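One structure is given here, and the rest of the page talks about it.
2 protein chains.
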Amino acid sequence: MNQTKIVIQNTALELFAVHGYNAVSIRDIGKKVGIKESTIYYYFENKQDILNQLLAQVEELIAAMKEAFTRKFSQIDDVLETEFVSAAVHYLNQFFLNDHVLKYIRMLSIEMQSNQKATELYRSLVFTMPVEHQTQVFEQMIAKRFFREDDAYQLAMEYQSIIYSIFQKHCGGYAPTSDDIEGANRELVLFMQRFYRQYSLT
Amino acid sequence: MNQTKIVIQNTALELFAVHGYNAVSIRDIGKKVGIKESTIYYYFENKQDILNQLLAQVEELIAAMKEAFTRKFSQIDDVLETEFVSAAVHYLNQFFLNDHVLKYIRMLSIEMQSNQKATELYRSLVFTMPVEHQTQVFEQMIAKRFFREDDAYQLAMEYQSIIYSIFQKHCGGYAPTSDDIEGANRELVLFMQRFYRQYSLT
DNA sequence: GTCTATAAATGGATAGAC
DNA sequence: GTCTATCCATTTATAGAC
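Chains F and X, in that order, are what the protein sequence lines are.
Per this note's numbering, the first sequence starts with residue -13, numbered consecutively.
Per this note's numbering, the second sequence starts with residue -13, numbered consecutively.
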């Protein structure tokens, strides 16, 4: 794909994530990129087209993560507390707090209030897709007697609830500082230890 | 307060909650109320003034809820599973899904992406304030041996995580349908029974 | 591919009639 | 209190030069 087009898309995402689609003008995007607004119309049909292609990118991201989950889904041999906790910390920092993903999440948080497609993508990105994967993980952990007998979906939803809520509590909204991120990580460690000790058999 | 002013405020809230402050024009608000935009300037200094007064209302709501919590905080005599579950269902439907509160939450979801004050209000409204109250409740339940020995704050945070996540998963974003609300309630009952059985001593 | 120039609509805000 | 009329900046989008 063309380099200029990618820069326009990323810049638009950055602005949409903070101000929302409707509040950002084509001129704003052009100014930040360093081109005239008429140039943007060379790459995109109109303003809506930029948003549509960004939403399509979110759909691709969801599909890619799904695929990555199944590909990396190796057999689980043993799960110690430290491994379990650091897996959750890694998930928070590499998914929710990943620069690009965070922008998608923030953009969707705004657009989902008026756009049904954005609502579906948001729910899929932060609930449906990860919970589906996590259900499989807990199923294996229960089958191998690392975790006590339980409903794997309920376990996964509980797990996701904690991570999502900690993310929103500390890093939801206005650009999270490094203090916010630290706070989120600290609280996550605490609750993941709690979770492990609750359900682990070791 | 003047009747017209209240109508303007409520209409502005309704539009801000869906499209966001920046995307709504004074003309849009006037048209929906059925008055000319110049009339709005009789009641408000400018557009920003409308938003500021709405944010002040959220602050008042948080204070009022805090006060209501301490006032209604009667001694807990006994807590059966059905009471515990229906208290959570009541909380979801009367707080998160209350018509007016839901609009505040949706407006803040948008504004918090660019407005630090809105971020603080959102976190206080959906996390800090309710978790503080719920911590007190669990403290009493543990002291009276209805719930097993545990950290009351952690218990409260876990409780709030589940309710908040179920709210966002089913009713976050685009105007929730009655099916969405039903789905949220169904899942909440399931997870509240699970929670009760996990921690109850009876 | 990127620019200038421009059209047509819409934005926030004010002055002054009633 | 609510309206009409108006100002001026900004918006999306297009036509056409380079």
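Idealized CB from N, CA, C, for every residue including glycine.
No experiment lies behind these values; they were computed from the predicted model shown.
Next on the checklist: Quick check on alanine 9 of chain F - is its C-beta less than 8 Å from some C-beta in chain X?
Outcome noted: yes
Checklist entry - When you compare only the Cα positions, how much space is there between glutamine 102 of chain F and aspartate 85 of chain F? => result 24 Å
Checklist entry - Hey, how far is the Cα of valine 87 of chain X from the Cα of glutamate 53 of chain X? => result 16 Å
Next on the checklist: Distance check for arginine 134 of chain X and phenylalanine 124 of chain F, CA to CA, integer angstroms please.
Outcome noted: 26 Å
Checklist entry - Which ranges would you report for the alpha helix (DSSP H) in the segment 104 to 180 of chain F if only whole runs of at least 4 residues count? => result 115 to 129 and 138 to 157
Next on the checklist: For the ligand COA, is there any heavy atom lying closer than 7 Å to the beta carbon of valine 175 of chain X?
Outcome noted: As for the ligand COA, it is missing from this structure, which has no ligand bound.
Next on the checklist: On a Cα-Cα basis, can you pick out the residue from F/Ser24, F/Val44 and F/Ile12 that is closest to glutamine 34 of chain F?
Outcome noted: F/Ile12
Checklist entry - What whole-angstrom Cβ distance do valine 44 of chain X and leucine 111 of chain X have, given they're in contact under 8 Å? => result 7 Å
Item to check | Rounded straight-line distance, which links the Cα of serine 186 of chain X to that of glutamine 126 of chain F | outcome: 28 Å
Next on the checklist: Whole angstroms are fine: how far does the CA of valine 117 of chain F sit from the CA of glutamate 144 of chain X?
Outcome noted: 17 Å
Item to check | Distance CB(glutamine 99 of chain F)-CB(arginine 92 of chain X) smaller than 8 Å | outcome: yes
Checklist entry - Looking at the unbroken alpha helix (DSSP H) that takes in tyrosine 28 of chain X, where does it start and where does it end? => result 23 to 29
Next on the checklist: Distance check for serine 147 of chain F and isoleucine 148 of chain X, CA to CA, integer angstroms please.
Outcome noted: 6 Å
Next on the checklist: Are the CB atoms of glutamine 179 of chain F and glutamate 233 of chain F within a distance shorter than 8 Å?
Outcome noted: The requested residue 233 of chain F is not part of the displayed model; chain F covers only -13 to 188.
Item to check | Contact under 8 Å by Cβ, phenylalanine 81 of chain F with leucine 40 of chain F | outcome: no
Checklist entry - From the DSSP output, which residues share a beta bridge with serine 186 of chain X? => result X/Phe133
Checklist entry - For a contact meaning CB atoms closer than 8 Å, what does valine 4 of chain F contact in chain X? => result Gln99 and Ser100
Checklist entry - Are the segment 155 to 170 of chain F and the segment -13 to -3 of chain X touching by the rule of at least three beta carbon pairs closer than 8 Å? => result no
Item to check | chain X within 8 Å of tyrosine 77 of chain F, Cβ atoms only | outcome: no
Next on the checklist: So with CB distances below 8 Å, who are the chain X contacts of tyrosine 160 of chain F?
Outcome noted: Met98, Gln99, Ser100, Asn101, Gln102, Ala104 and Thr105
Next on the checklist: Assuming phenylalanine 177 of chain X and isoleucine 152 of chain X are in contact, meaning their beta carbons sit under 8 Å apart, how far apart are those beta carbons, in whole angstroms?
Outcome noted: 7 Å
Checklist entry - By DSSP, does methionine 98 of chain X sit in helix, in strand, or in coil? => result coil
Checklist entry - From threonine 25 of chain X to leucine 94 of chain X, what does the alpha carbon distance come to, in whole angstroms? => result 26 Å
Item to check | Neighbour flag for phenylalanine 113 of chain X against chain F, beta carbons, 8 Å | outcome: yes
Next on the checklist: Run through chain F and tell me which residues come within less than 7 Å of tyrosine 150 of chain X, C-beta to C-beta.
Outcome noted: Ser151
Next on the checklist: Which residues of the segment 119 to 144 of chain F have a Cβ closer than 8 Å to any Cβ of chain X? Give them in chain order.
Outcome noted: Gln140, Met143 and Glu144
Next on the checklist: What does the Cβ neighbour count give for histidine 156 of chain F, buried or exposed, with the cut at 16 atoms within 10 Å?
Outcome noted: buried
Next on the checklist: If the criterion is Cβ atoms closer than 8 Å, does the pair tyrosine 108 of chain X and leucine 47 of chain X meet it?
Outcome noted: no
Checklist entry - So what does DSSP say about serine 72 of chain X, is it helix, strand or coil? => result helix
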